[in-house]
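K.L.:
In my numbering, the protein residues as written are 924 to 1302. Beta carbons are placed, not taken as given, at the ideal position from N, Cα and C, and that holds for glycine. It should be emphasised that the depicted structure is a prediction, and the values quoted were computed from it without experimental measurement. My questions all concern the structure below.
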Amino acid sequence: MSQKPDFDARVDRYGTGSSKFNKYPASVIPLWVADMDFRIAPPIADILHARVEHGVFGYADPTEELLDVIVKRLHGRYGWKIDRESIVFLPGLVAGLNVACRGMTRVDDAVIAATPVYRPFLELAENHQRRGVNVPCHFDGHRWQYPTAELVEEIGANRGGLYALCHPHNPIGRSLTSAELEPVLSACLANDVLLVSDEIHCDLLLDGRRHQPAVTMLDEIRNRAITLMSASKTFNIAGIGGAYAIIEDAKLREMFQKAARGFMPDVHAMAYDAMLVALRDCEAWHEALLAYLAENRDYLRRSFDSMPGITMNEVEATYLAWLDVSELGLTDAPGFFEAAGLGMSEGSQFGDDRFMRLNFATQRSVLGEAVERLRHAVI
(Lines of atoms letter the chains of each structure in order from A and count residues from 1; the text may use other names and numbers.)
(Lines give C-alpha, C1' and ligand atoms only; values in the text may rest on other atoms or scores of the structure.)
Protein backbone atom coordinates (compact mmCIF):
# COMPACT_ATOMS: atom_id res chain seq x y z
CA MET A 1 0.00 0.00 0.00
CA SER A 2 1.76 3.14 -1.23
CA GLN A 3 -0.32 5.88 0.39
CA LYS A 4 -0.44 6.33 4.16
CA PRO A 5 -4.03 5.94 5.41
CA ASP A 6 -5.73 9.14 6.56
CA PHE A 7 -7.50 8.15 9.76
CA ASP A 8 -8.20 11.83 10.49
CA ALA A 9 -10.58 12.06 7.52
CA ARG A 10 -14.16 12.14 8.74
CA VAL A 11 -16.63 9.74 7.15
CA ASP A 12 -20.33 10.63 7.17
CA ARG A 13 -22.05 7.43 8.31
CA TYR A 14 -25.54 8.83 8.76
CA GLY A 15 -28.10 7.40 6.36
CA THR A 16 -25.97 4.32 5.63
CA GLY A 17 -27.87 1.86 7.80
CA SER A 18 -25.14 1.97 10.44
CA SER A 19 -26.23 0.35 13.71
CA LYS A 20 -23.71 2.52 15.52
CA PHE A 21 -25.12 5.78 14.17
CA ASN A 22 -28.79 4.77 14.12
CA LYS A 23 -28.94 4.30 17.89
CA TYR A 24 -28.78 7.98 18.79
CA PRO A 25 -29.92 11.30 17.32
CA ALA A 26 -27.32 13.28 15.38
CA SER A 27 -26.69 15.48 18.44
CA VAL A 28 -25.09 12.50 20.24
CA ILE A 29 -21.60 11.25 19.35
CA PRO A 30 -21.82 7.44 19.10
CA LEU A 31 -18.94 5.83 20.96
CA TRP A 32 -20.50 2.52 21.91
CA VAL A 33 -20.37 -0.62 19.73
CA ALA A 34 -16.91 -1.96 18.72
CA ASP A 35 -17.05 -0.59 15.19
CA MET A 36 -14.36 1.80 13.90
CA ASP A 37 -15.15 5.03 12.04
CA PHE A 38 -12.32 4.51 9.53
CA ARG A 39 -12.51 3.57 5.86
CA ILE A 40 -11.24 0.10 5.08
CA ALA A 41 -7.82 -0.47 3.54
CA PRO A 42 -7.79 0.11 -0.25
CA PRO A 43 -6.92 -3.53 -1.13
CA ILE A 44 -10.09 -4.69 0.63
CA ALA A 45 -12.18 -2.09 -1.19
CA ASP A 46 -10.61 -3.18 -4.49
CA ILE A 47 -11.47 -6.83 -4.11
CA LEU A 48 -15.03 -6.03 -3.06
CA HIS A 49 -15.43 -3.81 -6.13
CA ALA A 50 -14.10 -6.66 -8.26
CA ARG A 51 -16.65 -9.05 -6.77
CA VAL A 52 -19.46 -6.61 -7.55
CA GLU A 53 -18.18 -6.16 -11.10
CA HIS A 54 -18.18 -9.93 -11.52
CA GLY A 55 -21.87 -9.74 -10.70
CA VAL A 56 -22.62 -13.25 -9.39
CA PHE A 57 -23.28 -13.90 -5.70
CA GLY A 58 -23.81 -17.64 -5.42
CA TYR A 59 -22.76 -19.89 -2.57
CA ALA A 60 -19.05 -19.69 -1.89
CA ASP A 61 -16.25 -21.83 -0.55
CA PRO A 62 -12.95 -20.66 0.95
CA THR A 63 -10.09 -20.70 -1.52
CA GLU A 64 -6.96 -22.75 -1.05
CA GLU A 65 -5.07 -19.48 -0.84
CA LEU A 66 -7.17 -18.27 2.09
CA LEU A 67 -6.49 -21.48 3.98
CA ASP A 68 -2.77 -21.12 3.27
CA VAL A 69 -2.77 -17.47 4.35
CA ILE A 70 -4.35 -18.32 7.72
CA VAL A 71 -1.96 -21.22 8.33
CA LYS A 72 1.03 -19.05 7.41
CA ARG A 73 -0.19 -16.12 9.50
CA LEU A 74 -0.70 -18.20 12.65
CA HIS A 75 2.77 -19.68 12.28
CA GLY A 76 4.49 -16.42 11.38
CA ARG A 77 2.88 -14.20 13.99
CA TYR A 78 2.43 -16.61 16.88
CA GLY A 79 4.60 -19.66 16.19
CA TRP A 80 1.43 -21.76 16.08
CA LYS A 81 1.60 -24.58 13.54
CA ILE A 82 -1.76 -25.98 12.43
CA ASP A 83 -3.08 -28.07 9.55
CA ARG A 84 -5.57 -26.65 7.07
CA GLU A 85 -8.13 -29.19 8.27
CA SER A 86 -8.23 -27.49 11.68
CA ILE A 87 -9.90 -24.37 10.22
CA VAL A 88 -13.71 -24.14 10.34
CA PHE A 89 -15.20 -21.01 8.76
CA LEU A 90 -18.10 -19.20 10.42
CA PRO A 91 -20.43 -16.33 9.48
CA GLY A 92 -19.42 -14.60 12.71
CA LEU A 93 -17.52 -15.17 15.92
CA VAL A 94 -20.48 -14.97 18.32
CA ALA A 95 -22.17 -17.74 16.36
CA GLY A 96 -19.10 -19.90 16.95
CA LEU A 97 -19.17 -19.14 20.67
CA ASN A 98 -22.77 -20.33 20.90
CA VAL A 99 -22.23 -23.41 18.74
CA ALA A 100 -19.36 -24.46 21.00
CA CYS A 101 -21.53 -24.10 24.09
CA ARG A 102 -24.48 -25.88 22.51
CA GLY A 103 -22.50 -28.76 21.06
CA MET A 104 -19.83 -29.41 23.68
CA THR A 105 -21.69 -29.05 26.98
CA ARG A 106 -24.84 -30.44 28.56
CA VAL A 107 -27.81 -28.80 30.25
CA ASP A 108 -26.78 -27.45 33.68
CA ASP A 109 -23.06 -27.65 32.92
CA ALA A 110 -21.09 -24.61 34.08
CA VAL A 111 -20.05 -21.85 31.69
CA ILE A 112 -17.19 -20.11 33.49
CA ALA A 113 -15.98 -16.61 32.57
CA ALA A 114 -14.08 -13.71 34.11
CA THR A 115 -16.11 -10.51 34.38
CA PRO A 116 -16.69 -7.78 33.33
CA VAL A 117 -16.84 -9.28 29.88
CA TYR A 118 -18.35 -8.92 26.42
CA ARG A 119 -22.12 -9.43 26.71
CA PRO A 120 -22.43 -12.63 24.58
CA PHE A 121 -20.33 -14.40 27.23
CA LEU A 122 -22.88 -13.47 29.87
CA GLU A 123 -25.74 -14.67 27.65
CA LEU A 124 -24.29 -18.12 26.88
CA ALA A 125 -25.68 -19.86 29.95
CA GLU A 126 -29.20 -18.51 29.46
CA ASN A 127 -29.15 -19.23 25.73
CA HIS A 128 -28.39 -22.91 26.27
CA GLN A 129 -29.78 -23.72 29.73
CA ARG A 130 -26.36 -23.88 31.34
CA ARG A 131 -25.16 -22.45 34.66
CA GLY A 132 -23.31 -19.17 34.44
CA VAL A 133 -20.32 -18.97 36.80
CA ASN A 134 -18.91 -15.44 36.71
CA VAL A 135 -15.58 -14.71 38.39
CA PRO A 136 -14.82 -10.99 38.96
CA CYS A 137 -11.52 -9.47 37.86
CA HIS A 138 -9.72 -7.15 40.27
CA PHE A 139 -9.31 -3.41 39.67
CA ASP A 140 -6.57 -1.49 41.48
CA GLY A 141 -7.85 1.88 40.27
CA HIS A 142 -5.70 1.83 37.16
CA ARG A 143 -5.04 -1.66 35.85
CA TRP A 144 -7.22 -4.75 35.90
CA GLN A 145 -5.83 -8.00 37.29
CA TYR A 146 -7.05 -11.33 35.95
CA PRO A 147 -8.58 -13.59 38.68
CA THR A 148 -6.33 -16.59 38.06
CA ALA A 149 -6.63 -18.25 41.48
CA GLU A 150 -10.41 -17.84 41.65
CA LEU A 151 -10.85 -19.27 38.15
CA VAL A 152 -8.75 -22.30 39.04
CA GLU A 153 -10.95 -22.87 42.07
CA GLU A 154 -14.21 -22.57 40.12
CA ILE A 155 -12.99 -24.83 37.32
CA GLY A 156 -12.06 -27.44 39.93
CA ALA A 157 -15.57 -27.23 41.37
CA ASN A 158 -17.32 -27.52 37.98
CA ARG A 159 -15.88 -30.55 36.23
CA GLY A 160 -16.92 -31.03 32.62
CA GLY A 161 -18.07 -27.49 31.88
CA LEU A 162 -16.76 -24.76 29.59
CA TYR A 163 -14.28 -21.97 30.23
CA ALA A 164 -15.10 -19.01 27.98
CA LEU A 165 -11.94 -16.93 27.63
CA CYS A 166 -11.92 -13.41 26.17
CA HIS A 167 -8.30 -12.92 25.06
CA PRO A 168 -7.45 -10.03 24.81
CA HIS A 169 -10.09 -9.22 27.39
CA ASN A 170 -12.94 -6.89 26.43
CA PRO A 171 -13.81 -4.46 28.06
CA ILE A 172 -10.89 -4.23 30.50
CA GLY A 173 -8.31 -3.83 27.71
CA ARG A 174 -5.91 -6.48 28.99
CA SER A 175 -3.44 -8.49 26.96
CA LEU A 176 -3.36 -11.58 29.16
CA THR A 177 -0.04 -13.27 29.94
CA SER A 178 0.98 -16.90 30.14
CA ALA A 179 1.59 -16.44 33.89
CA GLU A 180 -2.06 -15.49 34.28
CA LEU A 181 -3.51 -18.12 31.98
CA GLU A 182 -1.34 -21.26 32.30
CA PRO A 183 -2.71 -22.24 35.74
CA VAL A 184 -6.27 -21.81 34.42
CA LEU A 185 -5.55 -23.91 31.34
CA SER A 186 -3.98 -26.62 33.50
CA ALA A 187 -7.11 -26.63 35.66
CA CYS A 188 -9.23 -27.06 32.53
CA LEU A 189 -7.21 -30.13 31.53
CA ALA A 190 -7.36 -31.63 35.00
CA ASN A 191 -11.14 -31.22 35.19
CA ASP A 192 -12.19 -31.98 31.61
CA VAL A 193 -13.33 -28.40 31.06
CA LEU A 194 -13.39 -27.24 27.45
CA LEU A 195 -11.49 -24.07 26.56
CA VAL A 196 -13.28 -21.74 24.14
CA SER A 197 -11.08 -18.72 23.48
CA ASP A 198 -12.44 -15.62 21.74
CA GLU A 199 -9.35 -13.96 20.25
CA ILE A 200 -11.09 -11.50 17.91
CA HIS A 201 -8.98 -8.59 19.22
CA CYS A 202 -5.69 -10.49 18.91
CA ASP A 203 -4.26 -8.09 16.32
CA LEU A 204 -5.19 -4.96 18.26
CA LEU A 205 -2.40 -5.03 20.84
CA LEU A 206 -0.82 -1.62 21.41
CA ASP A 207 2.72 -0.41 22.17
CA GLY A 208 4.44 -3.18 20.23
CA ARG A 209 2.97 -6.01 22.29
CA ARG A 210 2.56 -9.39 20.59
CA HIS A 211 -0.42 -11.63 21.12
CA GLN A 212 0.09 -15.20 22.34
CA PRO A 213 -2.84 -17.53 21.56
CA ALA A 214 -4.01 -19.36 24.66
CA VAL A 215 -3.36 -22.81 23.19
CA THR A 216 0.31 -21.98 22.61
CA MET A 217 0.76 -21.36 26.33
CA LEU A 218 0.14 -25.02 27.16
CA ASP A 219 0.49 -27.53 24.33
CA GLU A 220 -1.61 -30.18 26.09
CA ILE A 221 -4.72 -27.98 25.88
CA ARG A 222 -4.72 -27.94 22.07
CA ASN A 223 -6.92 -31.03 21.80
CA ARG A 224 -9.45 -29.67 24.31
CA ALA A 225 -9.76 -26.18 22.83
CA ILE A 226 -11.64 -24.10 20.29
CA THR A 227 -10.00 -20.82 19.29
CA LEU A 228 -12.22 -18.24 17.59
CA MET A 229 -10.66 -15.57 15.35
CA SER A 230 -11.73 -13.02 12.75
CA ALA A 231 -10.35 -10.17 10.69
CA SER A 232 -13.50 -8.16 11.38
CA LYS A 233 -12.41 -5.95 14.30
CA THR A 234 -8.87 -5.26 13.15
CA PHE A 235 -9.78 -4.37 9.57
CA ASN A 236 -13.24 -2.85 10.22
CA ILE A 237 -15.22 -5.36 8.16
CA ALA A 238 -17.64 -6.64 10.82
CA GLY A 239 -20.64 -5.72 8.66
CA ILE A 240 -19.44 -8.14 5.98
CA GLY A 241 -19.16 -11.00 8.45
CA GLY A 242 -16.75 -13.91 8.44
CA ALA A 243 -14.75 -15.63 11.15
CA TYR A 244 -13.06 -18.95 11.75
CA ALA A 245 -12.55 -21.50 14.48
CA ILE A 246 -9.29 -23.38 14.95
CA ILE A 247 -10.14 -26.87 16.27
CA GLU A 248 -7.15 -29.19 16.09
CA ASP A 249 -8.78 -32.33 17.52
CA ALA A 250 -10.70 -34.13 14.77
CA LYS A 251 -13.39 -35.53 17.10
CA LEU A 252 -13.99 -32.15 18.70
CA ARG A 253 -14.13 -30.52 15.27
CA GLU A 254 -16.72 -33.06 14.12
CA MET A 255 -18.85 -32.38 17.20
CA PHE A 256 -18.66 -28.65 16.54
CA GLN A 257 -19.66 -29.02 12.90
CA LYS A 258 -22.52 -31.33 13.83
CA ALA A 259 -23.81 -28.83 16.39
CA ALA A 260 -23.78 -26.10 13.71
CA ARG A 261 -25.59 -28.18 11.11
CA GLY A 262 -28.99 -26.97 9.98
CA PHE A 263 -29.02 -23.45 11.37
CA MET A 264 -25.57 -21.92 10.81
CA PRO A 265 -25.71 -19.79 7.64
CA ASP A 266 -23.04 -19.96 4.95
CA VAL A 267 -20.19 -17.48 4.85
CA HIS A 268 -20.76 -14.82 2.19
CA ALA A 269 -18.46 -14.71 -0.83
CA MET A 270 -17.50 -11.12 -0.02
CA ALA A 271 -16.51 -12.14 3.50
CA TYR A 272 -14.08 -14.71 2.12
CA ASP A 273 -12.67 -12.10 -0.28
CA ALA A 274 -12.28 -9.45 2.38
CA MET A 275 -10.71 -11.88 4.85
CA LEU A 276 -8.13 -13.04 2.33
CA VAL A 277 -6.98 -9.58 1.31
CA ALA A 278 -7.04 -8.20 4.86
CA LEU A 279 -4.81 -10.96 6.17
CA ARG A 280 -2.56 -11.07 3.10
CA ASP A 281 -2.14 -7.49 1.86
CA CYS A 282 -2.95 -4.95 4.57
CA GLU A 283 -0.14 -5.10 7.10
CA ALA A 284 1.04 -1.52 6.44
CA TRP A 285 -2.52 -0.24 7.00
CA HIS A 286 -2.71 -2.34 10.16
CA GLU A 287 0.53 -0.94 11.57
CA ALA A 288 -0.62 2.62 10.87
CA LEU A 289 -3.92 1.87 12.58
CA LEU A 290 -2.21 0.62 15.74
CA ALA A 291 -0.14 3.78 15.95
CA TYR A 292 -3.22 5.98 15.53
CA LEU A 293 -5.18 4.04 18.15
CA ALA A 294 -2.31 4.31 20.63
CA GLU A 295 -2.22 8.07 20.11
CA ASN A 296 -5.99 8.26 20.67
CA ARG A 297 -5.65 6.21 23.85
CA ASP A 298 -2.86 8.44 25.13
CA TYR A 299 -4.91 11.56 24.38
CA LEU A 300 -7.79 10.09 26.40
CA ARG A 301 -5.46 9.15 29.24
CA ARG A 302 -4.10 12.70 29.50
CA SER A 303 -7.63 14.08 29.36
CA PHE A 304 -8.98 11.86 32.14
CA ASP A 305 -5.97 12.47 34.34
CA SER A 306 -7.16 16.07 34.65
CA MET A 307 -10.89 15.30 34.78
CA PRO A 308 -12.55 14.70 38.15
CA GLY A 309 -14.87 11.77 38.79
CA ILE A 310 -13.78 9.49 35.94
CA THR A 311 -10.93 6.95 36.01
CA MET A 312 -9.68 5.28 32.84
CA ASN A 313 -8.16 1.80 32.78
CA GLU A 314 -4.75 0.98 31.34
CA VAL A 315 -5.53 -0.10 27.76
CA GLU A 316 -3.02 -2.66 26.51
CA ALA A 317 -5.23 -3.98 23.70
CA THR A 318 -8.47 -3.18 21.82
CA TYR A 319 -9.73 0.33 21.09
CA LEU A 320 -12.06 0.36 24.08
CA ALA A 321 -11.67 2.43 27.24
CA TRP A 322 -13.39 1.10 30.37
CA LEU A 323 -14.27 4.12 32.47
CA ASP A 324 -14.98 4.01 36.19
CA VAL A 325 -17.67 6.66 36.72
CA SER A 326 -18.74 5.55 40.22
CA GLU A 327 -17.32 8.67 41.90
CA LEU A 328 -19.87 10.77 40.03
CA GLY A 329 -22.67 9.15 42.05
CA LEU A 330 -25.02 8.89 39.06
CA THR A 331 -28.35 7.08 39.29
CA ASP A 332 -28.58 6.76 35.51
CA ALA A 333 -25.10 6.96 34.02
CA PRO A 334 -26.11 6.14 30.40
CA GLY A 335 -28.83 8.78 30.50
CA PHE A 336 -26.50 11.34 32.05
CA PHE A 337 -23.89 10.95 29.34
CA GLU A 338 -26.44 10.79 26.54
CA ALA A 339 -27.87 14.09 27.77
CA ALA A 340 -24.33 15.46 27.49
CA GLY A 341 -24.19 14.32 23.85
CA LEU A 342 -22.22 11.09 24.34
CA GLY A 343 -23.47 7.60 23.48
CA MET A 344 -21.29 5.05 25.28
CA SER A 345 -21.92 1.40 26.21
CA GLU A 346 -23.39 0.99 29.68
CA GLY A 347 -21.35 -1.11 32.08
CA SER A 348 -24.29 -3.28 33.13
CA GLN A 349 -24.12 -4.97 29.70
CA PHE A 350 -20.71 -6.33 30.73
CA GLY A 351 -21.63 -7.13 34.32
CA ASP A 352 -20.69 -3.93 36.21
CA ASP A 353 -22.87 -0.79 36.21
CA ARG A 354 -20.15 1.36 37.83
CA PHE A 355 -18.48 1.67 34.43
CA MET A 356 -19.04 2.94 30.91
CA ARG A 357 -17.22 1.70 27.80
CA LEU A 358 -15.94 4.24 25.29
CA ASN A 359 -14.87 3.26 21.76
CA PHE A 360 -11.96 5.53 20.80
CA ALA A 361 -11.53 4.18 17.24
CA THR A 362 -12.66 7.41 15.67
CA GLN A 363 -11.13 10.54 14.21
CA ARG A 364 -9.02 12.58 16.62
CA SER A 365 -11.24 15.61 16.04
CA VAL A 366 -14.33 13.59 17.03
CA LEU A 367 -12.56 12.32 20.13
CA GLY A 368 -11.65 15.90 21.00
CA GLU A 369 -15.30 16.92 20.79
CA ALA A 370 -16.22 13.96 22.99
CA VAL A 371 -13.66 14.90 25.64
CA GLU A 372 -14.91 18.49 25.75
CA ARG A 373 -18.49 17.27 26.23
CA LEU A 374 -17.35 14.97 29.03
CA ARG A 375 -15.41 17.75 30.70
CA HIS A 376 -18.36 20.10 30.50
CA ALA A 377 -20.67 17.44 31.93
CA VAL A 378 -18.61 16.55 35.00
CA ILE A 379 -17.01 19.89 35.95
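What is the C-beta distance between Glu1171 and Ile1005, in whole angstroms, given that I count them as a contact (C-beta under 8 Å)?
P.N.:
To locate residue 1171, count along the sequence shown from 1; it is residue 248. To locate residue 1005, count along the sequence shown from 1; it is residue 82. With 8 Å as the limit, Glu1171 and Ile1005 qualify as a contact, their Cβ atoms being about 6 Å apart.
K.L.:
Between Leu1088, Arg1082, Gly1002, which has its C-alpha nearest Tyr1069's C-alpha?
P.N.:
The count along the sequence shown starts at 1 and reaches residue 1069 at position 146. Nearest of Leu1088, Arg1082, Gly1002 to Tyr1069, Cα basis: Leu1088.
K.L.:
Would you call the CB atoms of Tyr1167 and Val1011 closer than 8 Å?
P.N.:
Locating residue 1167 in the sequence shown gives position 244, where the first residue counts as 1. Locating residue 1011 in the sequence shown gives position 88, where the first residue counts as 1. A contact, by the Cβ cut-off of 8 Å.
K.L.:
Within its chain, find whatever has a CB closer than 7 Å to the CB of Arg974; leave out the 5 residues flanking it on each side and keep chain order.
P.N.:
Against the sequence shown, residue 974 aligns to sequence position 51. The residues are Ala1192, Met1193, Asp1196.
K.L.:
Are the segment 1120-1127 and the segment 1148-1157 in contact at 8 Å, needing three or more beta carbon pairs?
P.N.:
Cβ pair count under 8 Å is three or more, so yes.
K.L.:
To the nearest angstrom, how far is it from the Cα of Leu1297 to the Cα of Leu1243?
P.N.:
Here residue 1297 refers to the residue found at position 374 when the sequence shown is read from its first residue. Here residue 1243 refers to the residue found at position 320 when the sequence shown is read from its first residue. Straight-line Cα distance between these residues: approximately 16 Å.
K.L.:
Give the straight-line distance between the Cα atoms of Arg1007 and Val992, rounded to the nearest whole angstrom.
P.N.:
Here residue 1007 refers to the residue found at position 84 of the sequence shown. Here residue 992 refers to the residue found at position 69 of the sequence shown. So the two alpha carbons sit approximately 10 Å from each other.
K.L.:
Once the 5 residues before and after Leu1223 are set aside, which same chain residues still bring their CB inside 8 Å of it?
P.N.:
What you label residue 1223 is simply residue 300 of the sequence shown in a count that begins at 1. Same-chain partners within the cutoff: Met1235, Ala1244, Leu1281, Phe1283, Leu1290, Val1294.
K.L.:
Return the CA-CA distance between Met924 and Gly1026, expressed in angstroms with no decimal places.
P.N.:
Counting from 1 along the sequence shown, the entry for residue 924 is found at position 1. Counting from 1 along the sequence shown, the entry for residue 1026 is found at position 103. Here the model assigns Met924 a pLDDT of 46, short of 50, so the residue's position is not dependable and the matter cannot be decided.
K.L.:
Judging by CA-CA distance, which residue of Leu1045, Trp955, Glu987 is the nearest neighbour of Asn1021?
P.N.:
Here residue 1021 is taken as the residue at index 98 of the sequence shown, counted from 1. Of Leu1045, Trp955, Glu987, the residue nearest in Cα terms is Leu1045.
K.L.:
Does DSSP put Met924 in a helix, in a strand, or in coil?
P.N.:
Taking the first residue of the sequence shown as 1, we reach residue 924 at position 1. Any reading at Met924 must be qualified, since the residue scores a pLDDT of 46, below 50, and its modelled position is unreliable; the value itself is stated next. In the structure shown, Met924 sits in coil (DSSP, three-state: anything other than H, G, I, E or B).
K.L.:
Does the distance from the C-beta atom of Gly1002 to that of Thr1139 stay below 8 Å?
P.N.:
As a position in the sequence shown, residue 1002 is number 79, starting the count at 1. As a position in the sequence shown, residue 1139 is number 216, starting the count at 1. Yes.
K.L.:
Rounded to the nearest angstrom, what separates Tyr947 and Thr1254 at their Cα positions?
P.N.:
Here the question's residue 947 lines up with position 24 in the sequence shown. Here the question's residue 1254 lines up with position 331 in the sequence shown. Looking at the two C-alpha atoms, the distance is approximately 21 Å.
K.L.:
Please give me, in chain order, every unbroken run of the alpha helix (DSSP H) with length at least 4 that falls completely inside the segment 1201-1263.
P.N.:
1206-1228, 1256-1262, all fully within the segment 1201-1263.
K.L.:
Is Arg1296 helix, strand or coil when you go by DSSP?
P.N.:
Counted from its first residue, the sequence shown places residue 1296 at position 373. Helix.
K.L.:
Count the other CB atoms within 10 Å of the CB of Ser942; is the residue buried (16 or more) or exposed (fewer)?
P.N.:
Walking along the sequence shown from the start, residue 942 turns up at place 19. Answer is exposed; the Cβ neighbour count stays below 16.
K.L.:
Spell out a yes or no on whether the segment 1102-1121 and the segment 1074-1086 are touching, meaning 3 or more CB-CB pairs, one atom from each, closer than 8 Å.
P.N.:
With the cut-off at 8 Å, the segment 1102-1121 and the segment 1074-1086 touch.
K.L.:
Quick check: the Cα distance between Asn1093 and Leu1216, rounded to an integer number of angstroms?
P.N.:
The residue given as residue 1093 occupies position 170 in the sequence shown. The residue given as residue 1216 occupies position 293 in the sequence shown. Roughly 16 Å separates the two Cα atoms.
K.L.:
According to DSSP, is His1124 helix, strand or coil?
P.N.:
Position 201 of the sequence shown, counted from the start, is the residue given in the question as residue 1124. It is coil, neither helix nor strand.
K.L.:
Taking only the alpha-carbon atoms, compute the straight-line gap between Gly978 and Leu971 and give it to the nearest angstrom.
P.N.:
On the sequence shown, position 55 is the one that residue 978 refers to. On the sequence shown, position 48 is the one that residue 971 refers to. Each residue's alpha carbon lies about 11 Å from the other.
K.L.:
When DSSP builds the beta bridges, which residues end up paired with Ala1087?
P.N.:
Stepping through the sequence shown from its first residue, residue 1087 is reached at position 164. In the DSSP output, where bridge partners are listed per residue, Ala1087 has Val1119.
K.L.:
Under the three-state reduction of DSSP, which class applies to Leu1151: helix, strand or coil?
P.N.:
Counting from 1 along the sequence shown, the entry for residue 1151 is found at position 228. Here Leu1151 sits in strand by DSSP.
K.L.:
Would you mind sorting Ala1036 into buried or exposed? The rule is 16 or more other CB atoms within 10 Å of its CB.
P.N.:
The sequence position of residue 1036 within the sequence shown is 113, counting from 1. Answer is buried; the Cβ neighbour count reaches 16.
K.L.:
Can you give the Cα-Cα distance for Asp1121 and Ala1148, rounded to whole angstroms?
P.N.:
The sequence position of residue 1121 within the sequence shown is 198, counting from 1. The sequence position of residue 1148 within the sequence shown is 225, counting from 1. Using only the alpha carbons, I get a separation of about 11 Å.
K.L.:
To the nearest angstrom, how far is it from the Cα of Ala1201 to the Cα of Asn1159?
P.N.:
Residue 1201 sits at position 278 when you count from the first residue of the sequence shown. Residue 1159 sits at position 236 when you count from the first residue of the sequence shown. Spanning the two alpha carbons is a distance of roughly 10 Å.
K.L.:
Would the beta-carbon of Arg1277 fall within 8 Å of that of Asp1228?
P.N.:
Start at 1 with the first residue of the sequence shown, and residue 1277 comes out as number 354. Start at 1 with the first residue of the sequence shown, and residue 1228 comes out as number 305. Their beta carbons are not under 8 Å apart, which means Arg1277 does not touch Asp1228 by this criterion.
K.L.:
Under a Cβ-count criterion, where at least 16 other Cβ atoms within 10 Å of its own Cβ denotes burial, should Pro1231 be classed as buried or exposed?
P.N.:
Along the sequence shown, one-based indexing puts residue 1231 at 308. With fewer than 16 other Cβ atoms within 10 Å, it is exposed.
K.L.:
For His1209, does the count of other Cβ atoms within 10 angstroms reach 16, so buried, or fall short, so exposed?
P.N.:
Indexing the sequence shown from 1 puts residue 1209 at position 286. Result: buried.
K.L.:
Of the choices Asp960, Asp1032, Gly938, Leu954, whose alpha-carbon is the least far from that of Gln1286?
P.N.:
Sequence index remark: in the sequence shown, residue 1286 carries index 363 (1-based). Checked all of Asp960, Asp1032, Gly938, Leu954; the closest Cα to Gln1286 is Asp960.
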